[in-house]
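Quick note on numbering: our numbering labels position 311 of the sequence shown as 297, and the sequence is numbered without any gaps. Beta carbons are placed, not taken as given, at the ideal position from N, Cα and C, and that holds for glycine. Given the structure is predicted, the values throughout are model-derived calculations rather than measurements.
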Amino acid sequence: MNSNSQQTGAAADGAQRIAAAFDSYRRGQLDSARAVFADYMHDPKLGVDAHRGLAAVAWQRRQPDGAIQLLREAVRSAPEHADARADLALTLMMAGRAEESLEHWQHRVELKPNDAPSWHNFAKALVEVRRFRDAQPAFERALTLAPDQVGSYVTYARAMQSAGDLQAAESVWRRAIQVPVAAEAGYIGLGGVLFKQARLEETLEMYRESVLRFPESADLHLGFAQMLEDFADKAGAEAEFRKALELRPGWAMAHEGILTLLRADATDEDIAAARAVMAESGRPVESYANVGFGLGKALDAKGDSEGAMAAWTAANNARRQQIGPYDRDAAINYVDRLIDTFSDAFLRKTSGWGLDDPRPVFVVGMPRSGTSLVEQILSSHPDAYGYGELSEIARLSKGLPARTNSIQRWPEVVAGLSPDVVRSTAGEYLDALMARERVSASRLIDKAPMNYHYVGMILTLFPNAHIVWCQRDPRDIGVSVFAENFGLSQKYATDLADIGHYITQYSRLMRHWYTHCAERIHVCRYEDLIASPEAQSHALIDAIGLPWDENCLRFYEHERPVLTPSRWQVRSPIYRGAVARWQRYGDSLNPLVDALGDEIEGFVNG
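Spelled out as structure tokens, the structure:
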């Protein structure tokens, strides 16, 4: 046998050993795989694959830096090796170094221009470094090559949502609906993006269509149930929640939906099923949070205050594990910064900069302070339109550093604003409202409670805006917040003492706004509104500069979707059962009461 034949045989044997080593690696036999890969590290033909194998072993052994170093060596020795490029790029991404991965994905797609997964991963890396627009052509190329890839539609659409381009996201979701294997995911995503745009009737009809096309989709039945609830179809919502639970037994979100919807009407079987979920170990922590909040609402409505508080405590403990603790020092610091930034001197200096438009109405206050009821009364006026809870003021305020190319963050950035920037920002806010629903109403109502952070900015943008400050006994606010399944950003809501602390900071900031802008702020106390609805409703309508209309006393007849936890209360005549609610829970509220301190006396005597 000549030397060439011997070399060929040795190479073939080596390739077989490398292939077998990868098989061993996939079976979890890392030591034996590593030994083979190490034998061929310096082989001129097999060295690259050996480095790739060693890198894979290093990654499995939680040695990311070692894996990356091995792959860099492989790429240096064979720059045109497409698989080594892909391995290095993917490993960098998994190690949280997406920026470094980009050049290697670029090389990979140049070497393999028809490889759809590479284009998809290139796009994902661009998204991770927030280069959303640059990611678009990569996503489009991936979908051209593999139009049936569900993951590409989902990642692409979500990237566009993260970029704030809801129209582009909607377009991608609609394309997905036309592809059989991606259609279910497309409907789920489209429902979310339509909802974000407040196109609620479209969202409802989309879900109605989707469950006919995908009757076995628990996610779509759940989404349909939530929309039916928003549109006050209680029977329809219950049927859809139960269908979702039938399709996915034990699903926490479906259990919560049923219990929150039915409350006192929840069956013994509903309660028992929820208790079984709470007692089951090994579930994702969010399951205990979701079911616990719903169980607490049902028990509370049935008169079991002690059981309700126990369920809410379990739910909040689970949520705290999920999202982490509230930072009291950060909350104090943020309020300090807002007060320092929006000083009396600043507010006087900028008082004439904004748009002289009396239409905007902002209903602010703590969550669960009566903002939904106030909005329902105001929007029952034929010359007022309620947009619900909008995020536009927060978005525009926090976007000011980018808008002005400033190195200052919010709120300090406002010190460098000009009248032109203020007016253009105000105009963008109004444009955003008209994009949601173009109306000719004389008053446009934004009832995002957390806009209380932005009262100074609001009055800078709109010096003639109307602010309604909803107040309520802080003990009732506290227990209502503790009982509510809020978004994951509301870390203060998971602990009674933290809720009390948060309320003190909220009150401190609102007192600052009221001290400097009292002429633009109308105070509406929930307890007064419940006790004297006609007089207080007259005062509300007068405060926003509209003539009285009797429809405002029949607010519960006003047909419109309501998206807040108070959706059923505001569809009934004045509900008196929430006044002095805190008294039902006894000593369990002591941490809240202690944290509130003087806030209670201030409210009672205020």
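Whole-angstrom distance between ILE431 and SER365, CA atom to CA atom | 7 Å
Below 8 Å CB to CB, which residues in the same chain sit around ALA5 once its five sequence neighbours on both sides are set aside?
-> none
Exposed or buried, GLU226, counting other C-beta atoms within 10 Å across all chains shown (16 or more means buried)?
-> buried
State yes or no: is the C-beta of ALA451 within less than 8 Å of the C-beta of PRO346?
-> yes
CA nearest to the CA of ARG185, picked from LEU419, ALA564, GLN491, ASP459 | LEU419
Buried or exposed for ILE393, please, with buried defined as at least 16 other CB atoms from any protein chain shown within 10 angstroms of its CB.
-> exposed
DSSP-derived helix/strand/coil call for ASP313 | coil
Reduced DSSP secondary structure (H/G/I, E/B, other) of HIS367 = coil
Since ALA36 and TRP45 are thought to touch, with beta carbons under 8 Å apart, how far apart are those beta carbons, to the nearest angstrom?
-> Contact flag wrong, Cβ pair sits at about 15 Å.
Below 8 Å CB to CB, which residues in the same chain sit around ILE444 once its five sequence neighbours on both sides are set aside?
-> PRO346, PHE348, ILE379, ASN437, ALA451, ILE453
Ordered along the chain, which non-local residues of its own chain (more than five positions away) have a Cβ less than 6 Å from that of ALA294?
-> GLY282, LEU285, ASP286
Between the beta-carbon of CYS456 and the beta-carbon of GLY531, is there less than 8 Å?
-> no
Just mark GLU242 as buried or exposed, buried being the case when its beta carbon has 16 or more other beta carbons within 10 Å.
-> buried
Going by DSSP, name the residue or residues bridged to HIS452.
-> VAL347
Name the two residues that bound the continuous beta strand (DSSP E) containing VAL509.
-> 507 to 511
Cβ atoms of LEU341 and GLY280: under 8 Å apart, would you say?
-> no
Could you tell me which uninterrupted alpha helix (DSSP H) segments, each at least 4 residues in length, are contained entirely in the region 63 to 87, listed from first to last along the chain?
-> 68 to 80
Top-ranked residue by Cα proximity to GLY374, from ASP216, MET192, GLN153 | ASP216
Range of the contiguous beta strand (DSSP E) that encloses ILE431 = 429 to 432
Separation of ALA70 from GLU86, as counted between CA atoms | 15 Å
Among residues of its own chain, excluding the 5 on either side of LEU74, which ones have a beta-carbon nearer than 6 Å to its beta-carbon?
-> LEU57, VAL61, HIS90
Under the three-state DSSP convention, the category GLY356 falls into | coil
Can we say the region 473 to 485 touches the region 290 to 306, given the rule of at least three CB pairs closer than 8 Å?
-> yes
Locate the alpha helix (DSSP H) running through LEU403, then write down its first and last residues.
-> Counting along the chain, LEU403 falls outside any alpha helix (DSSP H), and DSSP gives it neither H nor E.
Output the residue ranges of the alpha helix (DSSP H) runs that lie fully inside the region 176 to 211 and measure 4 residues or longer, sorted by chain position.
-> 186 to 199
Are the Cβ atoms of PRO368 and ASP535 separated by less than 8 Å?
-> yes
Inter-stretch contact (C-beta, 8 Å, three-pair minimum) for the region 400 to 411 and the region 459 to 476 = no
Helix, strand or coil: how does DSSP classify GLN457 here?
-> strand
Spatial neighbours of ILE325 within its chain, please: CB distance less than 6 Å, with the 5 preceding and 5 following residues excluded, ordered by chain position.
-> HIS498
What is the rounded straight-line gap between the Cα of LEU447 and the Cα of ALA331?
-> 16 Å
Secondary structure at GLY172, three-state DSSP: helix, strand or coil?
-> helix
Using the DSSP secondary-structure output, state which residues sit across from GLY372 in a beta bridge.
-> ILE431
Where do the ends of the alpha helix (DSSP H) carrying ARG127 lie?
-> 118 to 131
Rounded to the nearest angstrom, how far is the Cβ of GLN183 from that of LEU152, given a contact under 8 Å?
-> 6 Å
Complete runs of the beta strand (DSSP E) confined to the region 199 to 283 [at least 3 residues] = none
In angstroms, rounded to a whole number, what distance separates the CA positions of ALA317 and GLY39?
-> 49 Å
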